[in-house]
Amino acid sequence: MDDACLNFRLTPEERGRFDQQGFLVVPDVLDVATVERLIHAVDGLTNRWRPVYERDRGLKSHHPLNVLDFIGQHDEFLPLIDLPQTFMKVVDILGWHIQLYHSHMIVTPPLPDDYEPHTARLGWHQDSGRLNLDIESSPRPRISLKVGFFLTDTKQPDRGNFHVIPGSHLTNALSMPDDDATEHPDAIPLLVGPGDAVIFDRRLWHSGGRNFSAVTRKVLFYGYSYRWLKPRDDMTVAHYMERSDSIRQQLLGASPNGGFGYTSPADEDVPLKIWLREKLGEDAVIL
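In numbering that gives the first Met the number 0, the protein residues as written are 0 to 286.
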């Protein structure tokens, strides 16, 4: 793993903001050339999958395209899994016992001029599906988070912006206004540009916005969780293993000790722990 990760650790101010608001905007983590390469890769997957989804799932040309397990479908996506500008912040939040359990790209085309929304409100939700029903606690545990890499300009509203309700990660249910046409009073669109990243707690109530611009919104989401959580995707990443260092292999799901290594890991199951101990000392891996 790149030692440059140590230059991008979570600051006390960032930790306080993340714990309080449930998200963190990290600007300019990708340079222009990288964004262009990623857009080219995203466009290739869009051309591959949109016709399939339109034929088999009734997807319309203006509907968002959500492709799961994109990371395994183009080599350009792999380096973002441990990008120094974001990865060490993930580690500082979740710790060393982590994996990539989910990846999905969302491509949101402009809406037609005559678009009439079927629902008045946005699709507010917390991530992880049944996890939010099966675990009994308030608030529910964090368990995972996502890093969203934005490839197109959403610095103005109504461009399919990522919408959040700050602080809602500590609330199991939302209290919405009685008027179905009114959004939550604390809801905001995040105004971020190409190359910016958003790190957010899976419990944060969030939604994709509507795109009334002339530009298609493109975002890559990388989901990190503790290693005992079953991956949300098929994770077709075996072809990356031989070319990856041991920490990337851990993130991609490797476990030398098999299933037991996910719940009671030995050091060889979690090389990220060994790396942190070597770089930061025993206190960094005490838990």
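Glycine included, C-beta positions come from ideal geometry on N, C-alpha and C. Keep in mind it's a predicted model, so treat the numbers as computed, not measured.
Here the alpha carbon of residue 209 sits roughly 13 Å from the alpha carbon of residue 182. The three-state reading of DSSP puts residue 183 in coil, since its state is none of H, G, I, E or B. Every beta strand (DSSP E) stretch that sits fully inside the segment 157-245 and reaches 3 residues is listed by chain position as 161-163, 196-200, 205-207, 216-225. Listed as beta-bridge partners of residue 67 by DSSP are 103.
Here the C-alpha atom of residue 227 lies approximately 6 Å from the C-alpha atom of residue 262. Judged by their CB atoms, residue 224 and residue 101 are nearer to each other than the 9 Å cut-off. Taking a contact to require three or more Cβ pairs closer than 8 Å, the segment 12-22 and the segment 151-170 qualify as touching.
Across the set 15, 130, 246, the C-alpha of 246 shows the shortest separation from the C-alpha of residue 77. In the assembly as shown, residue 271 is a buried residue. Its beta-carbon has 16 or more other beta-carbons within 10 Å. According to the DSSP assignment, residue 23 belongs to the beta strand (DSSP E) that extends over 22-25.
Of the candidates 196, 284, 212, the residue whose Cα lies closest to the Cα of residue 109 is 212. Between the C-alpha atoms of residue 240 and residue 112 there is a straight-line separation of about 46 Å. Annotated three-state conformation of residue 98 is strand, per DSSP. Residue 79 and residue 116 have their C-alpha atoms some 34 Å from each other.
Taking the Cα positions, residue 193 is about 31 Å away from residue 275.
With respect to residue 89, residue 147 sits apart: the two C-beta atoms are not nearer than 9 Å.
Of the other Cβ atoms in all chains shown, fewer than 16 fall within 10 Å of the Cβ of residue 114; this residue is therefore exposed.
Contact check for residue 87 against residue 219 fails: the beta carbons are separated by 9 Å or more.
Taking C-alpha positions only, residue 204 is separated from residue 45 by approximately 27 Å. Listed in chain order, the non-local C-beta contacts of residue 131 below 7 Å within the same chain comprise 125, 139, local neighbours out to five positions each way being set aside. DSSP places residue 124 within a strand segment (E or B) once states are collapsed to three.
For residue 43, the enclosing alpha helix (DSSP H) covers residues 31-56. When secondary structure is reduced to three states using DSSP, residue 144 falls in the strand class. The beta carbon of residue 16 sits closer than 8 Å to the beta carbons of 23 from its chain, once the five residues preceding and following it are set aside; these are given in chain order.
In the DSSP assignment, residue 276 falls within the unbroken alpha helix (DSSP H) covering 270-279.
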